[in-house]
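For reference, the structure discussed in these notes is given below.
2 protein chains.
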Amino acid sequence: MNSEESISRALERFKSVLHERSLKMSTVRESIARAALNYDGHFSVEELLRVLRSKGVSEAHLATVYRAVPLLVEAGLIQPALLSKGDHQRYEVAFEREHHDHIVCTSCGRVVEFVSEALEALQREIADRYEFSLDDHVHELLGRCSDCRDKPAARHS
Amino acid sequence: MNSEESISRALERFKSVLHERSLKMSTVRESIARAALNYDGHFSVEELLRVLRSKGVSEAHLATVYRAVPLLVEAGLIQPALLSKGDHQRYEVAFEREHHDHIVCTSCGRVVEFVSEALEALQREIADRYEFSLDDHVHELLGRCSDCRDKPAARHS
DNA sequence: TTCAGTGCAAAGGATTTGCAACACC
DNA sequence: GGTGTTGCAAATCCTTTGCACTGAA
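These protein sequences, in sequence, are chains A and B.
Read in the working numbering, the first sequence has 162 at position 155, and its numbers run on one by one without any break.
Read in the working numbering, the second sequence has 20 at position 13, and its numbers run on one by one without any break.
Take a look at the structure:
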């Protein structure tokens, strides 16, 4: 979810990244970018396509969306998320959003985002200890939320 | 890598988990379990099969290994590892090994395991904060090791 | 006008599944 | 002897690609 101004800046950035690679900003590409930027939550390529279709905004083809997604990632508009969810890769808006990690309920699938500077610091410290320069990390906590604690564990997808 | 005694205990456990599900401990299943337990590092199903074949221990079929792996995971002999490595799922020995996370060099692919009680504690704290019971987590640090810091980033698979 | 973008269909690659023959308990 | 197991091949599922046509700069 983004404000109109934020979306404009994001599209501007997208366009400039495309330019650098001598690629073009097409109508379809822009629709896909907008749909992604407006997506509230974590989406798969298939789900993004569904939104595009439902809004009648565009008749984008599945393959086209698959081709656009890596470009959106490269431009920093979206980023991969929810690695542990077995099925297909999911993404979330990254543009002008602060870094966060996720805690996922394995029973109902609820996802909560959290920010912990202590955690970030600790990770930098660990990377230092092993003489790694830290570029990124994948971090997800898995458990059961307050509503599901009593129910038996059951991995959702 | 495990001692002979550890392997015996692991096979015992495997057998009992199979029993609970009225499944059987076959020769092939045992070979697969042994190969997995002896594997030093992080393996894919395909790689595990390769070891089985090379040792001439067994003519296990790929599909059979795919069928055995979830059972080995359920019995706690192995666990999924290296989620962020795009290609296929990898596993590592879990039986009688202490919990650890990984730091991966995105340039040369080197993987270092680390243990941090502070990190574990912090994760429990965060789960508490959101009223989640913490069952598990996925955590990988990505960066470049001391040998690769100068080289440009290049994701390995 | 010239590359790049798109739709479509077909290819890929990892994993799964149906089924008949086979092996444990 | 009766189940569960295995090999094999075919089927899936997500994702990628080749190609002829369309579109943006």
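Yeah, the Cβ is synthetic: ideal placement off N, Cα and C, and Gly gets one too.
Remember, it's a predicted structure, so these values are computed and weren't measured experimentally.
- In the three-state reduction of the DSSP assignment, Phe21/B falls in the helix class, which pools H, G and I.
- The DSSP-derived three-state label of His26/B is helix.
- Residues of the segment 79-112 of chain B with a C-beta atom less than 8 Å from some C-beta of chain A are Leu90, Ser91, Ile110, Cys112, listed in chain order.
- Not flagged as an interface residue toward chain A: Arg74/B, since no C-beta distance is shorter than 8 Å.
- According to DSSP, residue pairing for Gly150/B in a beta bridge involves Leu141/A, Cys112/B.
- When the alpha-carbon of Val52/B is set against those of Gly63/B, Lys62/B, Ala67/B, the nearest one is in Ala67/B.
- By the neighbour-count criterion, in which a residue is buried when 16 or more other Cβ atoms sit within 10 angstroms of its Cβ, Gly150/B is buried.
- Contact annotation: Arg97/B and Cys152/B have beta-carbon atoms that are not nearer than 8 Å.
- Think of a sphere of 7 Å around the beta carbon of Ser153/A: the chain B residues whose beta carbon falls inside it are Glu138, in chain order.
- By the rule that beta-carbons nearer than 8 Å mark a contact, Asp143/A touches chain B.
- Interface residue (Cβ-Cβ distance to chain B less than 8 Å): Glu127/A is not classified as such.
- The segment 66-81 of chain B and the segment 128-139 of chain B do not touch, with fewer than three beta-carbon pairs separated by less than 8 Å.
- CA-to-CA, the gap between Leu90/B and Ser91/A works out to about 7 Å.
- One alpha carbon belongs to Ala40/A, the other to His107/A, and they sit about 22 Å apart.
- Of the residues His146/B, Phe139/B, Glu147/B, Glu27/B, the one whose Cα lies closest to the Cα of Glu81/B is Glu27/B.
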